[in-house]
Amino acid sequence: MIRFFDANKKLLAAAGIVIFLAIPLVVDNKLLIHLAILGMLYAIVASNWDLTLGYAGVFNFAHLAFFGIGAYTSGIITVKLGISPWLGIPCGAAAAALASIIVSIPAIRLRGIYVALLTFACSQLVLLLLLSQPLITGGQQGLTGVPQLQIGDYLFRESEFAHFYLVGALLLCSTIFLRRLVTSDFGLSLIALRDFEEYAVARGIPLARQRLLAFLYSSIFPGLAGGVYAHFLIVASPDIFGFSLVTLLLSMVLVGGVATIYGPVVIGVVMIFVSELMASSETMSELFGISSGPVRFMFVAVLIVLTMRFFPQGVWGLIKEYAARSRASNQAGDDTRT
Amino acid sequence: MTLEAIAAIIASGLVSGSLYALMASGLSLVWGTLRMFNFAHGVLVMIGAYSGWYISDRGGLAKVLQPLGKKITKNSEDWGLMGDILYPLGEWILSIKSGFGLGIGVPLAIVFCGIAGYVIYVLLVKPFVGKPNADLIVIITTIAGASFIQNGVQVIFGPRYKKLDRILEGRPLEVLDTAIGLQEVLIIVLTPVTLLLLHFFLKLSKLGLAIRAVAQNDDFARLVGINVNQIYPQTFVVSSMLAGLAGLMLGGLFFILPTMGSEPLLRAFVVVVFGGLGSLPGTIVGSYVIGLIEQSSAYVFSLYWAPVVLFATLILVLIFRPRGLMGGKES
Chain Y
1 MIRFFDANKK
11 LLAAAGIVIF
21 LAIPLVVDNK
31 LLIHLAILGM
41 LYAIVASNWD
51 LTLGYAGVFN
61 FAHLAFFGIG
71 AYTSGIITVK
81 LGISPWLGIP
91 CGAAAAALAS
101 IIVSIPAIRL
111 RGIYVALLTF
121 ACSQLVLLLL
131 LSQPLITGGQ
141 QGLTGVPQLQ
151 IGDYLFRESE
161 FAHFYLVGAL
171 LLCSTIFLRR
181 LVTSDFGLSL
191 IALRDFEEYA
201 VARGIPLARQ
211 RLLAFLYSSI
221 FPGLAGGVYA
231 HFLIVASPDI
241 FGFSLVTLLL
251 SMVLVGGVAT
261 IYGPVVIGVV
271 MIFVSELMAS
281 SETMSELFGI
291 SSGPVRFMFV
301 AVLIVLTMRF
311 FPQGVWGLIK
321 EYAARSRASN
331 QAGDDTRT
Chain W
1 MTLEAIAAII
11 ASGLVSGSLY
21 ALMASGLSLV
31 WGTLRMFNFA
41 HGVLVMIGAY
51 SGWYISDRGG
61 LAKVLQPLGK
71 KITKNSEDWG
81 LMGDILYPLG
91 EWILSIKSGF
101 GLGIGVPLAI
111 VFCGIAGYVI
121 YVLLVKPFVG
131 KPNADLIVII
141 TTIAGASFIQ
151 NGVQVIFGPR
161 YKKLDRILEG
171 RPLEVLDTAI
181 GLQEVLIIVL
191 TPVTLLLLHF
201 FLKLSKLGLA
211 IRAVAQNDDF
221 ARLVGINVNQ
231 IYPQTFVVSS
241 MLAGLAGLML
251 GGLFFILPTM
261 GSEPLLRAFV
271 VVVFGGLGSL
281 PGTIVGSYVI
291 GLIEQSSAYV
301 FSLYWAPVVL
311 FATLILVLIF
321 RPRGLMGGKE
331 S
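Residue numbers (our numbering), protein chains in the order written: chain Y, 1 to 338; chain W, 1 to 331.
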């Protein structure tokens, strides 16, 4: 089976794309498509987080702020200045990129725990700044009335198709970008810095520059995703910065498997389905007689702790281990035959 | 700036400084011994406030017990001897209709926080002690734990705001023409006393000495016969109790919410970075400095810009003194 996968990678990718394109035509359920879009958006954010968290080994807790900045920037300039959302989204990405540079300048000078503290404080600061300007950002209620995307007269919210394909394309681009990045010399240098900093620096890898670039690269697609998110939901809300969403996205990266990119992408989508269906399911509220909204976050939290405790390599890591083992046993089989 | 304004700024700065000091000293203590950072510390503050409210207020435990009390007093005659024994219990339950009061609520809440801290240690920290990257893993697990507890409290207590009774009622104190509430005065006075007790505890008691020994060098602490694996949870419990105390104070000033701990936790982070992780004097000085900076910038600029000023200060400190103003060199 593994051999089949190895031999037909291109074919499988093509089949995957065809299946993906067919999904909205076959699935006639608005809620499921809606969840898939949300899941893919979060998968973009989570997989980009994997670049700093997994590959660079930097404890960057400001990552969701990049997503939020993308959403708010695009939302504000389209609402207040009346600019087209198609211009607003790249502006959001540019703002996110700028923010990533600002955050990384003090962060790359620090180590371990201090990075986590600084970036965490940064993301909270962005939130406080947003809340402090209710006239521009809508304050606690969030920015409402964000215009939806449209091409000509076609409004994206009339059906979920357009969003589905748009976000799918964005996820594909982001994943290809990330995979290319982490297998390039740049990605290898990040891994080298993470695994043996002194030696990597001694071999001439510029620590500060590589880490700054890692922050920068990891912020662009979340910035774009944030913009799309705001126009998709026609609202930009401060909940983006909440503890709950951080936990949810963290669980995508960790359960999916750090330093894999594919793991957070796949688990990101799965996790949204699981947690949203939990939140909306009748059985949950019947069983416990409580609203199940908070319960799903408790579930996610338990999942994180169990992952860290029992399989820290994550789901994708487990799959990779299994594949490597069966490849090795295939190899051994071939050797005995010849 | 008038004299009254300055007095008001100093008073409110001291109040927030006190709260930060209680929180940050616990964080700093745990960092010193375990080299780990407890992101569930804010949740412990919240637990302190909620458990204090639950025990002391009429809407909490007392309300839950009322039906039981009624049942006992009503049916005790049918239960024979058992009923005679239980009858006073039932009457007693009915007599505490208005809650157990703060006199019982405060100490019990602090004890409960200690227990909660111990549970957090056993479930979220202990399995990772001694593993590579343990400090970073524990950030993740304690964030997850915080999310679990926060949402759990939301489920149990619902979204309605709660408030602790003030410990001291009465006319506000007049200092330099500025009215300062008695609760605030209590916080300003009680915190240094608590911190002084903490200081003596660390300097004089056996456990305190052991905690400091582990903080300085855990290998040597092991060599002289200190059971390091026992010191870790004990440190955690002490730190959680301090957080609980902060929560009880906070609960008397503001509304009690599941998310009430997050904002003070953010400030406590700023404080420990400012004062240098693991340095208790640095942390305490840092707390008051941050409290005063925050309140004076709230006055000079506006309430909204105070966090910005705070953060600018933090970034400057991090750029020029990454180990904090009073923190030592990394060993």
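Quick reminder that beta carbons are idealized off the backbone N, C-alpha and C, glycines included.
| Query | Result |
| --- | --- |
| Counting only Cβ pairs nearer than 7 Å, list the residues of chain W close to M298/Y. | F148, N151, G152 |
| Just to check my reading of the structure: W316/Y and Y262/Y have Cβ atoms closer than 8 Å, yes? What is that Cβ distance to the nearest angstrom? | 6 Å |
| Taking 9 Å as the CB-CB limit, is F59/Y close to chain W? | yes |
| Could you have a look at A243/W and say whether DSSP puts it in helix, strand or coil? | helix |
| Is V146/Y near T78/Y, with beta carbons less than 9 Å apart? | yes |
| Quick check: the segment 257-272 of chain W against the segment 139-156 of chain W, are there 3 or more CB pairs under 8 Å? | yes |
| For I350/Y, which residues does DSSP report across the bridge? | Look at the range of chain Y in this structure, 1 to 338, and you will see that residue 350/Y is not part of it. |
| Can you tell me the Cα-Cα spacing of A243/W and L44/W, whole angstroms? | 6 Å |
| For R267/W, I'd like the list of residues in its chain whose CB is within less than 7 Å of its CB, leaving aside the five on either flank, ordered along the chain. | Y20, I290 |
| Identify, in the order they occur along the chain, each residue of the same chain with its Cβ nearer than 6 Å to the Cβ of G32/W, setting aside the five sequence neighbours on each side. | A215, G278 |
| Among the candidates M252/Y, G257/Y, V258/Y, whose CA atom is the shortest distance from the CA of F273/Y? | M252/Y |
| How would you label V193/W, buried or exposed, when you count the other beta carbons within 10 angstroms and need 16 or more for buried? | exposed |
| To the nearest angstrom, how far is the alpha carbon of Q331/Y from that of A324/Y? | 10 Å |
| For A13/Y, count neighbouring C-beta atoms within 10 Å of its own C-beta (all shown protein chains included) and say buried if the count is 16 or more, exposed if not. | exposed |
| Does the beta carbon of L266/W come closer than 9 Å to any beta carbon on chain Y? | yes |
| Judging by CA-CA distance, which residue of V237/W, G158/W, D78/W is the nearest neighbour of F112/W? | V237/W |
| My output table needs one value for I93/W: the three-state DSSP class, helix, strand or coil. | helix |
| Can you tell me whether DSSP reads K30/Y as helix, strand or coil? | helix |
| Quick one: what does DSSP say I234/Y is sitting in, helix, strand or coil? | coil |
| Note down the Cα distance separating R35/W from D135/W, rounded to an integer number of angstroms. | 7 Å |
| Note down, in chain order, every chain W residue with its Cβ under 9 Å from the Cβ of V79/Y. | Those do not exist, as V79/Y stays about 21 Å from chain W at its closest Cβ, beyond 9 Å. |
| In angstroms with no decimal places, state the Cα-to-Cα distance between T27/Y and V295/Y. | In the sequence as presented, Thr is not what sits at residue 27/Y; that position holds Val. The straight-line gap from Cα to Cα measures roughly 28 Å. |
| Check I10/W in the structure and name its three-state DSSP category. | helix |
| Taking the alpha helix (DSSP H) that Y199/Y falls in, what are its first and last residues? | 197-202 |
| Once DSSP output is grouped into helix, strand and coil, what is the label at I151/Y? | strand |
| Out of curiosity, what's the CA-to-CA distance linking S275/Y and L195/W? | 43 Å |
| Applying a beta-carbon distance threshold of less than 8 Å, which residues of chain Y neighbour D135/W? | G112, I113 |
| Just to confirm, is the Cβ distance from S287/W to A116/W under 9 Å? | no |
| Could you name the residues of chain W that F243/Y contacts, counting a contact when the two beta carbons are closer than 8 Å? | I143, A146, S147, Q150, T259, S262 |
| Using a Cβ-Cβ distance under 9 Å, would F120/Y count as near chain W? | yes |
| Would you mind telling me which residues of chain W sit closer than 7 Å to T247/Y, beta carbon to beta carbon, in chain order? | I143, A144, S147 |
| Cutting at 6 Å between CB atoms, please list the residues of its own chain near I9/W, excluding the five before and the five after it. | Q295, S296, Y299 |
| Would L212/Y and I105/Y be called neighbours here (beta carbons separated by less than 9 Å)? | yes |
| Thinking C-alpha only, which one of V125/W, F148/W, K163/W, G114/W is nearest W53/W? | K163/W |
| Any Cβ of chain Y within less than 9 Å of the Cβ of L124/W? | yes |
| Tell me the residue span of the alpha helix (DSSP H) that contains E263/W. | 262-275 |
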